[in-house]
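See structure below.
Protein chains in written order, with our numbering: chain A, 1 to 76; chain B, 1 to 313.
Right under this line is the structure:
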């Protein structure tokens, strides 16, 4: 449930951009401020955020960073 | 509830209090060094490195071995000094510390105590010492052949040999209670647990082992899956890719799960040992699932993953 809620927030950002032109404009101009104002979520300033809008004939392929396996902890 | 860990806190208190007292009788300058080294591995110290099977095995095995609590504590104490001795050996072999003379000398004191405590239980004519010889020989071969390629999946028992001396406590218990006919079954049970324990340790240490060329069952498993003859072409990036991009880690964890299912018929013989193995198995299975979940999250993009990891609900 918790993981679904976290994915839901990302979907909510997209859906709000679809339904709220002012939010979409702000998201494209200043994603940090837009997400903070509308969702009360502060993404750190050292994370650069860029919002892009696709069109029916212009798509973007977003390549996330390669996953990194962090060293697990454990005491056995 | 991890009863296999918490059930024996009073026993461990007794065992490690006695261990501290024994080391207090060591000659200077090794007394203080010996206490510091024990402190680093004392499970009652919050930040210490744990090695539960070493000092809890005789307690866990009591339903199968039939020894009383006091005997189990005696064997636990002996195993503590065995643990310290073999840890010193590992340090000297792996890292060649600058104060190697002092460490080697301390190791000999631990070894002397280790033997003395077991001699108090087993005289020179006891078959215990034949098993001692066997487990030490297996440990010797294991450390001397580290780094040589081997097929982990075909020969998983090799993983258990380096920790084989821990079985002195369980084997010794069977001899003391007159149940020598159960030694082989008990040894197989413990070896299976040691295999999974080593797999968990290798999962935790793969990065360091990749860097310094140490044996590692997870890395061997990945090499076999990729049909690599050796680890020369195995890089950190390639290991990351394997752990995330395909089913290799799930297959690795599945080996532990299959082993756990096979041990289910032995659960009644030693519930705590079985439950310890279950905790180890779940550690691997949950790690594989966690990587899978993280990958699914990351594929949706960096922002989606950041939200997953940083927003609390």
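Just so you know, even glycine gets a beta-carbon here, dropped at the ideal spot from N, CA and C.
* **Same chain, Cβ closer than 8 Å to residue 126(B), neighbours up to 5 away in sequence not counted** => 175
* Asked: Below 8 Å between beta carbons: does that hold for residue 104(B) and residue 34(B)?
  -> no
* Asked: What three-state label does DSSP hand residue 58(A) in the structure shown?
  -> strand
* Buried or exposed: which applies to residue 5(B), given that a residue is buried once 16 or more other Cβ atoms fall within 10 Å of its Cβ? -> buried
* Asked: Can you find a C-beta in chain B that's less than 8 Å from the C-beta of residue 139(A)?
  -> It is not possible to answer for residue 139(A), since the shown part of chain A is limited to 1 through 76.
* Would you list, in chain order, the members of the segment 285-310 of chain B that have their beta-carbon closer than 8 Å to a beta-carbon of chain A? => 287, 291, 293, 294, 295, 297, 298, 299, 300, 301, 302, 303, 304, 305, 306, 307, 308
* **Closer than 9 Å at the beta carbon, the chain B residues around residue 56(A)** => Near residue 56(A) there are no residues of chain B at all, since even the closest Cβ is about 21 Å away, more than 9 Å.
* Asked: Three or more beta-carbon pairs under 8 Å between the segment 167-187 of chain B and the segment 197-206 of chain B, yes or no?
  -> no
* To do: Return the CA-CA distance between residue 2(B) and residue 36(B), expressed in angstroms with no decimal places.
  => 28 Å
* **Alpha-carbon to alpha-carbon, residue 21(A) and residue 43(A)** => 22 Å
* To do: Taking residue 43(A) as the query, report the chain B residues whose CB atoms sit under 8 Å from its CB, ordered along the chain.
  => 303, 306
* Asked: In terms of residue numbering, what span does the alpha helix (DSSP H) encompassing residue 61(B) cover?
  -> Neither: residue 61(B) is in no alpha helix (DSSP H) and is coded neither H nor E.
* To do: Kindly list, in the order they appear in chain B, the residues whose Cβ is closer than 9 Å to that of residue 159(A).
  => For residue 159(A) there is no data in the structure shown, the boundaries of chain A being 1 and 76.
* chain A within 8 Å of residue 131(B), Cβ atoms only -> no
* Close-in-space but distant-in-sequence residues of the same chain around residue 100(B) (CB under 7 Å, 5 per side omitted) -> 92
* Min CB distance residue 243(B) to chain A below 8 Å -> yes
* Asked: Roughly how many whole angstroms lie between the Cα atoms of residue 240(B) and residue 28(B)?
  -> 48 Å
* Asked: How is the alpha helix (DSSP H) around residue 93(B) delimited, first residue to last?
  -> 69-94
* Residue closest to residue 134(B), alpha-carbon to alpha-carbon, out of 260(B), 283(B), 187(B), 312(B) -> 187(B)
* **Three-state secondary structure assigned by DSSP to residue 76(A)** => coil
* Asked: Nearest-angstrom Cα distance between residue 15(A) and residue 8(A)?
  -> 10 Å
* N- and C-terminal bounds of the alpha helix (DSSP H) containing residue 101(B) -> 100-119
* Asked: When burial is assigned at 16 or more other CB atoms within 10 Å of the CB, is residue 9(B) buried or exposed?
  -> exposed
* Asked: Which first and last residues belong to the alpha helix (DSSP H) in which residue 201(B) is found?
  -> 183-212
* **CB contact check: residue 155(B) to chain A, cutoff 8 Å** => no
* Taking 8 Å as the CB-CB limit, is residue 9(A) close to chain B? -> yes
* Asked: So which of 60(B), 205(B), 236(B) has the shortest CA-CA distance to residue 167(B)?
  -> 60(B)
* To do: Taking 8 Å as the threshold, find out whether the segment 22-30 of chain A comes into contact with the segment 47-56 of chain A through three or more Cβ pairs.
  => yes
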